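Residue numbers for the sequence shown follow my numbering, so the first one is 1257 and each next one is one higher. All remarks here apply to the structure that follows.
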Amino acid sequence: MEPVLSSGTTTGTRLNYGLLIRLSVMMFLQYYVWGIWLPMLYQHLGPNDLRLSEREIGWIFTVYGLGAIAGPFLFGQLADRYFATEKLMGATHLIGGVLLIYAASLTTFWPIFLALLLYCSLYMPTMGLSNSITFRSLGDENRNLFPIIRLWGTIGWIAAGLSFAAYLSSEHIAALRPLFDLVGSPSYKDCLRGAGVISLLYALYCFFALPHTPPIPVKEDEVTTPDEGEAGAVKARASAVLECLELLRNRSFLILIVVSGLIGIMLAFYFEKENPFLEAIGTNPKRIGAYMTIGQIAELLVMTVVPLSVARLGYKWTMIIGAAAWALRFGLSMIGYPWWLMIASIGLHGFCFGFFFVAAQMYVDRAASGDIKATAQNLFIFVVYGFGTVLGSVLGGELGHAFGSNWTAIWAGPFVLTVLCILAFAALFREEEIRKPAVATDSLVA
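Put into structure tokens, the structure is as follows:
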């Protein structure tokens, strides 16, 4: 049997390669699913396939933001209080896979919007839940290993982009003809069908391969007997959501969450607008998915130095470096040429994601007590991928409608907002210890 792992609230956690491999495969599949459909969704919805309007596309891109609003707090509460986290993930990916395959068959705005909204309400919480499983399995002493495991999510995203780009160019391969006779020739809608199939496989992996991660049990002294209660009632355990929101009383944690949400606006804007921008400057649309993996390749390299940067520079300056890379990326996009520089600058996405978002997730885990870690991670998902995505996607659609092909004007908005975020974060964020209540510990058997 593999060693017993602590809940993340004690020291001396023992690890082995088997556990690290299983967590890494989880991250690979988690982001492989997303990396197939999100970067290529515009090509399916836009002029190369369904020909929906820019405004309709903008609203469809809000679905993963709306899903991050609707789902994370509910699923965080369920994982922290009621159900094993890996079982919740398995159920959501099983249902989600069916929804993606169904969405690929739809051709008009409202059915696509509603199907993807329901899917994202299931998928987006699993981003926080996968982080929670990882942090609890690693324990506090090994938190600095999180970026190494998380980079396998980046590898999954890269593999998704490259494999789907190769798939789109494979229709003339004779050996694949029986497959195409069965499912049809390669098309952009297959970004949804392919993601659905992988999601079904991932669901099985969650059910049968992930470490068992149950809710942390209530301590005896957390329960009030009928004689002790003011009204003679049993005191229910505090809501994980309410406990998590208490963290916002700390100024630095509040600043981190607010700035992360604003940076999340730019992240959504990038995912929506980078694809048509690259096509507008002369990039073959079938190769855009492959080119966009440059950002994830850079992210791989960045992930390996995030723990060192946090140790040497601290969370604050690590995250400022990440946000500054984002500002530089938008500034170069405002210029719009030469083509090779626009392609190369995609790599700056990796610096922003690794140095800002991954470091922020590490800080959130540090700030949260052991029994609300899943909810705290989903608070971060709610703000970045919920609030940020909805505003960023709507903003992208409206700017695209207003400015058309004037890419200098389109990229100016996120550039200015990112610079303002950097200045506010530098002035207001302080690295300080956040006092956490003591909680009961449990054991995770890997």
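The beta-carbon is built from N, C-alpha and C at its ideal position, and this holds for glycine as well. In this text the structure is predicted, and so the values were computed from the model without any measurement.
Item	Value
At least 3 beta-carbon pairs within less than 8 Å: the stretch 1304–1316 vs the stretch 1652–1665	yes
Proximity of Ile-1351 and Leu-1334 at Cβ, strictly below 8 Å	no
Span of the alpha helix (DSSP H) around Ser-1425	It is not in any alpha helix (DSSP H) - Ser-1425 carries neither H nor E in the DSSP assignment.
Span separating the alpha-carbon of Leu-1673 from that of Ser-1516	12 Å
Whole-angstrom C-beta distance between Ala-1546 and Ala-1421, which should lie under 8 Å	4 Å
Ile-1249 to Leu-1276 span [Cα, whole Å]	Any property of residue 1249 remains undetermined from this structure, which presents the chain solely from 1257 to 1702.
Sequence-distant residues of its chain with Cβ nearer than 8 Å to Gly-1551 (five each side left out)	Ile-1602, Gly-1603, Leu-1604, His-1605, Gly-1606 and Phe-1609
Contacting residues, own chain, Cβ-Cβ under 8 Å from Arg-1686 (five flanking each side not counted)	Arg-1507, Ser-1508 and Lys-1572
Length-filtered (4 minimum) alpha helix (DSSP H) runs lying within the stretch 1618–1691	1629–1637, 1644–1659 and 1663–1684
Alpha helix (DSSP H) runs wholly inside the stretch 1390–1474, at least 4 long, in chain order	1402–1424, 1433–1439 and 1446–1465
Contacting residues, own chain, Cβ-Cβ under 6 Å from Leu-1448 (five flanking each side not counted)	Trp-1293, Leu-1356, Ala-1359 and Ala-1360
Exposure of Tyr-1560, with buried meaning 16 or more beta-carbon neighbours within 10 Å	It is worth fixing the name first, because residue 1560 is Thr in this sequence and not Tyr. Per the 10 Å Cβ criterion, exposed.
Segments of 4+ residues assigned as alpha helix (DSSP H) that fall wholly inside the stretch 1299–1381	1310–1316, 1319–1326, 1328–1337 and 1341–1359
Residues near Met-1380 in its chain [Cβ-Cβ closer than 7 Å; skip 5 each side]	Tyr-1320, Gly-1323, Ala-1324, Gly-1327, Pro-1328, Ile-1637 and Tyr-1641
beta-carbon Thr-1390 near the ligand PLP non-hydrogen atom, thresh 7 Å	Looking at this structure, you won't find the ligand PLP or any other ligand, since it has none at all.
Rounded straight-line distance, which links the Cα of Leu-1569 to that of Glu-1530	31 Å
Cβ contact (3+ pairs, closer than 8 Å) linking the stretch 1520–1534 and the stretch 1615–1627	no
Residues near Lys-1445 by beta carbon distance below 6 Å, same chain, minus five either side	His-1300 and Ala-1360
Counted within 10 angstroms of its Cβ, other Cβ atoms place Ile-1519 as buried (16 or more) or exposed	buried
Leu-1285 versus His-1468: straight-line alpha-carbon distance, rounded	18 Å
Beta-carbon proximity of Ala-1580 to Ile-1678, cut-off 8 Å	yes
Three-state secondary structure assigned by DSSP to Gly-1570	helix
Spatial distance of Pro-1403 from Leu-1460 (CA atoms)	25 Å
CB of Tyr-1287 within 8 Å of CB of Gly-1417, strictly	no
First and last residue of the uninterrupted alpha helix (DSSP H) at Leu-1523	1507–1536
Pair within 8 Å by beta-carbon distance, Met-1283 and Gly-1452	no
Proximity of Met-1522 and Pro-1295 at Cβ, strictly below 8 Å	no
Short Cβ contact (8 Å threshold) for Ala-1615 with Gly-1578	yes
For Pro-1541, the three-state DSSP class (helix, strand or coil)	helix
Thr-1664 burial status per 10 Å Cβ neighbour count (16 or more: buried)	exposed
Simplified DSSP assignment, three categories, for Pro-1563	helix
Cβ-based neighbour list, Leu-1344, same chain, cut-off 7 Å, excluding 5 preceding and 5 following	Phe-1331, Leu-1334, Ala-1335 and Leu-1385
Integer-rounded CB distance, given that Leu-1401 should sit under 8 Å from Leu-1394	6 Å
Between the CA atoms of Leu-1504 and Ser-1262 - distance to the nearest angstrom	Because Ser-1262 carries a pLDDT of 40, less than 50, the predicted location of this residue cannot be relied on, and the following value inherits that uncertainty. Distance between the alpha carbons of Ser-1262 and Leu-1504: 27 Å.
Assumed close pair Ser-1280, Ile-1405 - CB separation to whole angstroms, cut-off 8 Å	5 Å
For Met-1283, the first and last residue of its enclosing alpha helix (DSSP H)	1273–1293
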